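A.B. asks:
Below, the structure written as structure tokens:
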């Protein structure tokens with residue numbers, strides 16, 4: 018079985034060394050970069066399965082560089098940074114990041130976040146997302162639940178794909194909208210609420226479904242598997 022390949026982009030030598038040693042001990046193959054220029058060069062030749070990206074680098078910032086990453090790969094990007102303001106977190110996720118870890122952090126937390134993102138990425142192969150008994154064929158535009166074909170519109174399929182890939186995680190409306198529609202919108206929460214109602218009905222969520230899709234008091238949504 019091939020090792021998952023992780024690219025570390027970090028300018029602090031001690032942090033880079035510690036993360037590298039820990040993740041190699043966890044069984045990952047590590048590509049370590051201390052500047053964005055190095056990372057830019059190696060992204061042309063390497064195919065990382067996941068990227069750990071420091072925000073404040075000596076030759077630029079991780080937010081902007083994430084746009085370059087997204088032009089080359091859909092590999093999960095986890096930002097590592099000391100900046101804990103909500104605006105910074107939102108910006109990182111809006112620029113294409115998949116997760117955000119604030120320094121200092123426990124290495125076991127880092128390992129768990131890396132593992133979760135790799136599992137999520139592994140759910141999707143050949144244009145299909147599988148969370149049994151649910152299968153989403155993005156190329157064919159088809160959804161199967163318990164071997165039954167579920168008729169969904171392309172937008173509903175995109176929204177369901179977003180929920181499935183992030184199953185069990187609280188998703189804010191702005192994050193859902195960006196991952197499904199792209200960009201931002203003032204009426205994002207209302208738009209998503211309408212589509213969530215449609216998905217719940219078509220997936221028979223309230224009729225002994227193996228999944229649940231619920232909102233929170235904070236206006237977030239959680240899609241999770243409740244039957245195994």
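Residue numbers (our numbering): 18 to 245.
Where is the CB? At the ideal position from N, CA and C, for every residue including glycine.
Note that the structure is a prediction, hence the values are computed from the model and not measured.
(1) At which residue ranges does the segment 85-129 contain complete beta strand (DSSP E) runs of 3 or more residues, listed in the order of the chain?
(2) Hey, out of 199, 88 and 28, whose CA is closest to residue 50's CA?
(3) For residue 49, does the three-state DSSP call read helix, strand or coil?
(4) Considering only C-alpha positions, which residue in the set 22, 230 and 48 is nearest to residue 216?
(5) Among the residues of its own chain, which have a CB less than 7 Å from the CB of residue 175, if the five just before and after it don't count?
(6) Output yes or no for whether 8 Å exceeds the beta carbon distance between residue 129 and residue 153.
(7) Using the Cα positions of residue 242 and residue 139, report the straight-line distance between them to the nearest angstrom.
(8) Hey, out of 76, 56 and 194, whose CA is closest to residue 68's CA?
(9) Provide the residue span of the alpha helix (DSSP H) that contains residue 42, from first to last.
(10) So the beta strand (DSSP E) residue 177 belongs to, where does it begin and stop?
(11) In three-state terms, what does DSSP make of residue 20?
(12) Give the range of the beta strand (DSSP E) segment to which residue 191 is assigned.
C.D. replies: According to the structure data:
(1) 94-98 and 116-119
(2) 28
(3) strand
(4) 230
(5) Taken in chain order, the residues that qualify are 197.
(6) Not in contact: residue 129 and residue 153 (Cβ atoms no closer than 8 Å).
(7) 17 Å
(8) 56
(9) 30-42
(10) Here residue 177 belongs to no beta strand (DSSP E); instead the alpha helix (DSSP H) covers 171-182.
(11) coil
(12) Note, residue 191: premise wrong, no beta strand (DSSP E); alpha helix (DSSP H) at 190-197.
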